[in-house]
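**Q** Below: one structure in structure tokens.
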Amino acid sequence: MPFEQQTTPIKPPFESWGRYPAYDATLKPLHWQGDFPAAIAGAISGALPVGMGRSYGDVCLLKEGTLVPTIGMNRLLDFNAETGLLTAEAGITLAQILDFAVPRGYFLPVTPGTKYVTLGGAIANDVHGKNHDVTGSFGNHVPCFELMRSDGTRMLCSQRENPDWFAATIGGMGLTGLITWAQLRLQPIVSRMIDYQGIQFHGIDEFLDLKKQYENVAYTVSWVDCVSTGKNFARGIFMLGDHSKVPSELKTTPKPKLVFPFNAPGFALNRASVSLFNTLFFHKQMKSHVKMLQDYEPFFYPLDKVLHWNRMYGKRGLLQFQYAIPWEHAKEGTEAILKEIAKSGLASFLAVLKTFGDIPSLGMMSFPQAGIMFALDFPIKPNVSFPLMQRLGDMTLEFGGRLYPAKDACMTASQFQAFYPKWQQFSKYKDPALTSSFWERVTGEGTAQ
Ligand SMILES: Cc1cc2nc3c(=O)[nH]c(=O)nc-3n(C[C@H](O)[C@H](O)[C@H](O)COP(=O)(O)OP(=O)(O)OC[C@H]3O[C@@H](n4cnc5c(N)ncnc54)[C@H](O)[C@@H]3O)c2cc1C
């Protein structure tokens, strides 16, 4: 059963979510798995399979190359209603999986902050959710998948069959080949609702105390104010939730109606407007602790309510900075980085703080590692944003952390190679015909053709 697409059809140029950098690549949309070798044959500057372009930087881009959008290859292949094991082509989106699975009493095992990503994209970046502490990352819930190389050879990959290819492809950024289909282990639910709590905190110590207090709760995430200083430094809201155990109707989600209609002027997001937003957001929750039942949509996907919200940042786009710093330096690193951001004068209203647990990722190049994870968006102001990103990347390295390729447009080659020391081992699994602008930027390597 192929699914109807819920978002606009693919038109060039193919953009990543940050809209920076912007390149004109040739697009060869894929509808049938077997067409992959022909779609990329003769691609002069290499090729890359892509999903919904929900990565922020250039991991899903290829300057002057051939991009192969996979969202037309989105058939549901099998579903076991007893076990929740779903098999689908890799271009299916998590939104489409939810539309199918929720009415049948199942939910995704791990979900990023948007459901408009493909199954293949979620594996290729080994994405994480608000439940990393208890479930690990996406790849931990993928028993097997098929990998097709550019020459058309197919390989079944699991922890038993071709385990090295399995490890290289989870978090492998699309560089080992095309994931044609994959299995995903869904989790049972009896309700769409989430038992939600929101708790205000002041500072990283209070955030860590809350995390400890609620360590058995499945989902935790915090919004943090990264503009305020003094007594409001690192204030935020700790949000937690579990799937409700009280059965209720499992209907599908209506399609979103709101679309951000135009590119906002660059000055719309400035320190004053973000500071105002942060104060309103912090006090939106009138009490320091609220409890309520909340539908899963606003809990997991508050940003999906407005399609194309990235246009709010104007034509120049946005940069995202996202790190994971191990526990040893997590607190001091996070405080130092928050101070550096406040000092820069650049403002971000989307600043998210989470923790990663110690369930190891299965991917050779996966981003998650136990400790604190912090992510924030910046508008692009060339003279300020790029030097700041460089400094923040260096600080992340000093504190023993790493940046997330899926969100990156700025890390340098030396930073990447220090963050991901297995990169040379990984490059042995790279398909000679595939590359990305990210890979070329951080390794200097292109295709072998
Ligand atoms: C609002 C928002 C919130 C987000 N929240 C989170 C979060 O909480 N956690 C998180 O981890 N990420 C998060 N992300 C990032 C997003 O989940 C990842 O970048 C995801 O990989 C995007 O999937 P996609 O289908 O859009 O793939 P694309 O961005 O198009 O591509 C991503 C990578 O997957 C590869 N790829 C795609 N399809 C295939 C295939 N069939 N075979 C082989 N390789 C393939 C591409 O080559 C590329 O390297 C968020 C993004 C947004 C916009």
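Each position in the sequence shown, counted from 1, maps to that position plus 20 in my numbering.
Don't be surprised by glycine CBs; every beta carbon is placed ideally from N, CA and C.
(1) With DSSP run on the structure shown, which of helix, strand or coil describes Phe127?
(2) Confirm the yes/no value for this check: CB of Arg74, any heavy atom of ligand 1, distance under 7 Å.
(3) Can you check which of these residues, Trp37, Ser308 and Ser386, is closest to Leu327 by C-alpha distance?
(4) Is Leu313 closer than 8 Å to Tyr239 when the C-beta atoms are compared?
(5) State the beta-bridge partners of Ala344 as determined by DSSP.
(6) Go ahead and label Trp52 buried or exposed: buried means 16 or more other beta carbons lie within 10 angstroms of its beta carbon, across all protein chains shown.
(7) Between Leu270 and Gly125, what straight-line distance do the alpha-carbon atoms span, to the nearest angstrom?
(8) In the DSSP output, what is Pro32 paired with across the bridge?
(9) Are the segment 76-83 and the segment 448-457 in contact at 8 Å, needing three or more beta carbon pairs?
(10) Work out the CA separation of Gly421 and Phe439 for me, nearest whole Å.
(11) By Cβ distance, which residues of its chain are closer than 7 Å to Arg169, with the 5 residues on each side in sequence left out?
(12) Any heavy atom of ligand 1 inside 7 Å of the beta-carbon of Ala42?
(13) Just grab the DSSP bridge partners of Phe398 for me.
(14) Below 8 Å CB to CB, which residues in the same chain sit around Asp262 once its five sequence neighbours on both sides are set aside?
(15) Return the residue from the list Thr103, Ala110 and Gly133 that minimises the CA-CA distance to Ala121.
(16) Quick one, which of Phe34, Gly141, Thr432 and Thr375 has its alpha-carbon nearest Leu260's?
(17) What is the C-beta distance between Pro399 and Leu323, in whole angstroms, given that I count them as a contact (C-beta under 8 Å)?
(18) At 3 residues or longer, and completely inside the segment 133-181: list those beta strand (DSSP E) runs for me, N to C.
(19) Could you tell me which residues DSSP puts in a beta bridge with Ser264?
(20) Met415 and Phe341: beta carbons closer than 8 Å?
(21) Quick check on the DSSP output: the beta strand (DSSP E) that includes Gln217 runs from which residue to which?
(22) Distance check for Phe99 and Lys363, CA to CA, integer angstroms please.
(23) Between Ile219 and His309, what straight-line distance do the alpha-carbon atoms span, to the nearest angstrom?
(24) If distances are taken between C-alpha atoms only, which option among Arg205, Asp55 and Leu396 comes closest to Leu118?
(25) List the whole-angstrom C-beta distance separating Ile361 from Gly391, where the pair is believed to meet the contact cut-off of C-beta under 8 Å.
(26) Tell me whether Ala110 counts as near ligand 1, meaning its Cβ is closer than 7 Å to at least one heavy atom of that ligand.
(27) Need the endpoints of the alpha helix (DSSP H) that Trp476 sits in, please.
(28) From Tyr136 to Phe320, what does the alpha carbon distance come to, in whole angstroms?
(29) In its own chain, which residues sit with a C-beta less than 8 Å from the C-beta of Gly377, not counting the 5 before and 5 after it?
(30) Check this for me: beta carbons of Ile112 and Leu96, under 8 Å apart or not?
**A** The relevant details are as follows:
(1) On the sequence shown, residue 127 is found 107 positions in, with the first residue counted as 1. In the structure shown, Phe127 sits in a strand (DSSP, three-state: E or B).
(2) The residue labelled residue 74 in the question sits at position 54 within the sequence shown. Within the cutoff, so yes.
(3) If you number the sequence shown from 1, residue 327 lands on position 307. Nearest of Trp37, Ser308 and Ser386 to Leu327, Cα basis: Trp37.
(4) For the purposes of this step, residue 239 is taken as the residue at position 219 of the sequence shown. For the purposes of this step, residue 313 is taken as the residue at position 293 of the sequence shown. Contact: no.
(5) By 1-based counting over the sequence shown, the position of residue 344 is 324. In the DSSP output, where bridge partners are listed per residue, Ala344 has Met393 and Arg422.
(6) Position 32 of the sequence shown holds residue 52. So Trp52 ends up on the exposed side.
(7) On the sequence shown, residue 270 is found 250 positions in, with the first residue counted as 1. On the sequence shown, residue 125 is found 105 positions in, with the first residue counted as 1. Taking the straight line joining both Cα atoms gives about 7 Å.
(8) For the purposes of this step, residue 32 is taken as residue 12 along the sequence shown, with counting starting at 1. Answer by DSSP bridge pairing: none, since Pro32 is not bridged.
(9) yes
(10) Position 419 of the sequence shown, counted from the start, is the residue given in the question as residue 439. Position 401 of the sequence shown, counted from the start, is the residue given in the question as residue 421. C-alpha separation (whole angstroms): 7 Å.
(11) The residue given as residue 169 occupies position 149 in the sequence shown. Same-chain partners within the cutoff: Gly197 and Asp451.
(12) The residue labelled residue 42 in the question sits at position 22 within the sequence shown. Checking the Cβ of Ala42 against ligand 1 gives no.
(13) Reading the sequence shown from its first residue, position 378 is the one you call residue 398. DSSP, once it has assigned bridges, lists Leu339 as partnering Phe398.
(14) On the sequence shown, residue 262 is found 242 positions in, with the first residue counted as 1. Closer than 8 Å at Cβ, skipping near neighbours: Ile214, Asp215, Val237, Ala238 and Tyr239.
(15) In the sequence shown, residue 121 corresponds to position 101, counting from 1. It is Thr103 whose Cα lies nearest to the Cα of Ala121.
(16) To locate residue 260, count along the sequence shown from 1; it is residue 240. The option with the nearest alpha carbon to Leu260 is Thr375.
(17) Your numbering for residue 399 matches position 379 in the sequence shown. Your numbering for residue 323 matches position 303 in the sequence shown. About 16 Å separates the two Cβ atoms, so there is no contact after all.
(18) 164-168 and 174-178
(19) As a working note, residue 264 is residue 244 in the sequence shown. For Ser264, which the question treats as bridged, DSSP gives no partner whatsoever.
(20) What you label residue 415 is simply residue 395 of the sequence shown in a count that begins at 1. What you label residue 341 is simply residue 321 of the sequence shown in a count that begins at 1. Their beta carbons are not under 8 Å apart, which means Met415 does not touch Phe341 by this criterion.
(21) Position 197 of the sequence shown, counted from the start, is the residue given in the question as residue 217. Met213 to His222 is the span of the beta strand (DSSP E), which, as asked, contains Gln217.
(22) As a working note, residue 363 is residue 343 in the sequence shown. As a working note, residue 99 is residue 79 in the sequence shown. One C-alpha to the other measures close to 52 Å.
(23) Along the sequence shown, one-based indexing puts residue 219 at 199. Along the sequence shown, one-based indexing puts residue 309 at 289. So the two alpha carbons sit approximately 4 Å from each other.
(24) One-based indexing of the sequence shown puts residue 118 at position 98. When each option's Cα is compared against that of Leu118, the closest is Arg205.
(25) Translated into the one-based positions of the sequence shown, residue 361 becomes position 341. Translated into the one-based positions of the sequence shown, residue 391 becomes position 371. About 19 Å; that fails the 8 Å criterion.
(26) Position 90 of the sequence shown holds residue 110. Result yes, Cβ under 7 Å from ligand 1.
(27) The first residue shown for the chain is 21 and the last is 469, placing residue 476 beyond what the model contains.
(28) Sequence index remark: in the sequence shown, residue 136 carries index 116 (1-based). Sequence index remark: in the sequence shown, residue 320 carries index 300 (1-based). Their Cα atoms are separated by approximately 12 Å.
(29) Within the sequence shown, numbered from 1, the residue matching residue 377 stands at position 357. Within the same chain, Gly377 has close Cβ partners His152, Asp153, Val154, Gly156 and Ala390.
(30) Within the sequence shown, residue 112 is the residue found at index 92, counting from 1. Within the sequence shown, residue 96 is the residue found at index 76, counting from 1. Cβ distance < 8 Å, so Ile112 and Leu96 count as in contact.
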